[in-house]
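Enquirer: Under mature numbering (1 follows the signal peptide of the UniProt record, and there is no 0), read the sequence shown as residues -20 to -1, 1 to 305, first letter to last.
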Amino acid sequence: MKKVFLAVAMVMGLATNAQISPKFNGDPEDFQDLKKRTLIVEVLEEDPKVLKKLDKPKKAEELKEYQSFIKEFNEDFRIYAPKYWTLNSNIEYKTTTEIDALQKSKNKSYAVLRFILLNDNGTHGLKTNLNVPALAYTRIENNRRSADSKIYLPYRALSKGKSLLEADYKYALETLQANINWIIKNDKTLHFDKYAEKMAEENCSKLKGKTILVPDYVLKDGRSKEQAIKNYGGDLKFVSDEEINNAFVTKAKNTAVLFVAPYGIVKGSAVVVQMSTLVYFKVVADCETGEVDYLYMPSGFNYGANVSDKMTETEFKTMGNCKIL
């Protein structure tokens, strides 16, 4: 994801104060209603406030990235939303301005699928520019901060091309719908983090005998690929983003891929300096079914492992043992 969205600070001694809640507001009845509505896929517009903020010589590159992302996202989402979204049979496309006008007119007949940035809520005495990109599926009458459901978007650390690949859209859209369908079927709201954890616990054993594809850059610098593969104890391969994308989009048999996504912000201090950083989870999804087979999202005393978007050899051993932290 481009740096205009994910400005990461160097950090020491972080407290585990997550600044973005994994919870959303929809319940089973809400999702039953949403499925019956016409779906609006939101077309992003350039924000005049952001343009003004970035209209400076020193911000020229950030401005270019901001405008490029909006253009790229709109083009891709118009292709991949109807390709992978099946909950709603009727789909329309409207700009943010058009959706806002419908909302002001008290319209309650649409569902909305949109890109959102989950922002730092400014608690613990420190407000940052960090944010987490996500997709939200919600009733049109809800404001942006109160989405009925959401899912975090994957992060391409060293991508020199697009910020999001087709595989990333496919994973996010299909997993969000699977989460919603589970809620409807079980008549119980389970937010994404708990849903993914439950699916991983049920499905991790299915990874045995499958090839696991991991982006080359996910292994921490200076670490051994050979040792990581040995620790995993199965068919683990470090490959390019292009290979990841091709396998997931074409539903490669007996294959699963690893995605990395930011999902929160932690804050802390080193002596008198306050600092913050993003935290990430790693998820393995089956290429054929799209189901979540493994989740690495440590909590409690292991929470510090989430600060990195990379993995160590030991963490691949944890995956091989199907240990869900």
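All C-beta atoms in this analysis are idealised placements derived from N, C-alpha and C, irrespective of residue type, glycine included.
Would you be able to state if there are at least three C-beta pairs under 8 Å between the stretch 12 to 24 and the stretch 84 to 95?
Expert: Counting Cβ pairs under 8 Å, three or more are found: they touch.
Enquirer: Nearest by alpha-carbon distance to T292: which of V264, N211, K38 and I164 is it?
Expert: Measuring from the Cα of T292, the nearest candidate turns out to be N211.
Enquirer: Answer yes or no: do L193 and A152 have a C-beta to C-beta separation smaller than 8 Å?
Expert: For L193 and A152, no; Cβs fall outside 8 Å.
Enquirer: Do the CB positions of T169 and D7 come within less than 8 Å of each other?
Expert: Closer than 8 Å, so yes.
Enquirer: Considering only the beta carbon of each residue, do N87 and N99 sit closer than 8 Å?
Expert: Against a cut-off of 8 Å, the Cβ pair of N99 and N87 comes out as no contact.
Enquirer: F53: which of V219, G244, K142 and E268 sits nearest, CA to CA?
Expert: Of the listed residues, the one whose Cα sits closest to F53 is K142.
Enquirer: For the structure I just gave you, are there three or more beta carbon pairs, one from the stretch 113 to 127 and one from the stretch 40 to 49, closer than 8 Å?
Expert: Touching, no.
Enquirer: Can you find the residues in the same chain that come closer than 7 Å, C-beta to C-beta, to S185, ignoring five residues on each side of it along the sequence?
Expert: Excluding positions up to five away in sequence, the list reads C302.
Enquirer: Residues in the same chain with beta-carbon distance under 6 Å from E181, minus the five sequence neighbours each way, listed in chain order, please.
Expert: The residues are I304.
Enquirer: Residues in its own chain within less than 8 Å of D35 by CB, not counting five upstream and five downstream?
Expert: Within the same chain, D35 has close Cβ partners L43.
Enquirer: Sort K262, V272 and E268 by Cα distance to F296 and report the nearest one.
Expert: Here the closest residue by C-alpha is K262.
Enquirer: Ignoring anything shorter than 4 residues or poking outside the stretch 144 to 219, list the alpha helix (DSSP H) runs there in chain order.
Expert: Listed in chain order, they are 146 to 166, 172 to 183 and 205 to 212.
Enquirer: Pull up the distance between the alpha-carbon of A176 and that of Q83, whole angstroms please.
Expert: A176 and Q83: Cα-Cα distance of roughly 32 Å.
Enquirer: Considering only their Cβ atoms, is the gap separating L238 from P278 smaller than 8 Å?
Expert: Not a contact, by the Cβ cut-off of 8 Å.
Enquirer: Which residue comes first and which comes last in the alpha helix (DSSP H) that contains T298?
Expert: Note, T298: alpha helix (DSSP H), E293 to G300.
Enquirer: Just curious, the beta strand (DSSP E) that E45 is in, first and last residue?
Expert: No beta strand (DSSP E) holds E45; the alpha helix (DSSP H) holding it covers A40 to Y64.
Enquirer: With DSSP run on the structure shown, which of helix, strand or coil describes D266?
Expert: Strand.
Enquirer: Roughly how many angstroms separate the alpha carbons of M164 and Y276, rounded to a whole number?
Expert: Looking at the sequence itself, residue 164 is Ile, so the reference to Met does not match. The straight-line gap from Cα to Cα measures roughly 26 Å.
Enquirer: In three-state terms, what does DSSP make of D35?
Expert: D35: coil per DSSP, three-state reduction.
Enquirer: From A61, D80 and A81, pick the residue whose C-alpha is nearest to that of E72; which is it?
Expert: Of A61, D80 and A81, the residue nearest in Cα terms is A61.
Enquirer: Under 8 Å, do A208 and C267 count as touching if we go by C-beta distance?
Expert: It is not a contact, given that the beta carbons lie outside the stated cut-off.
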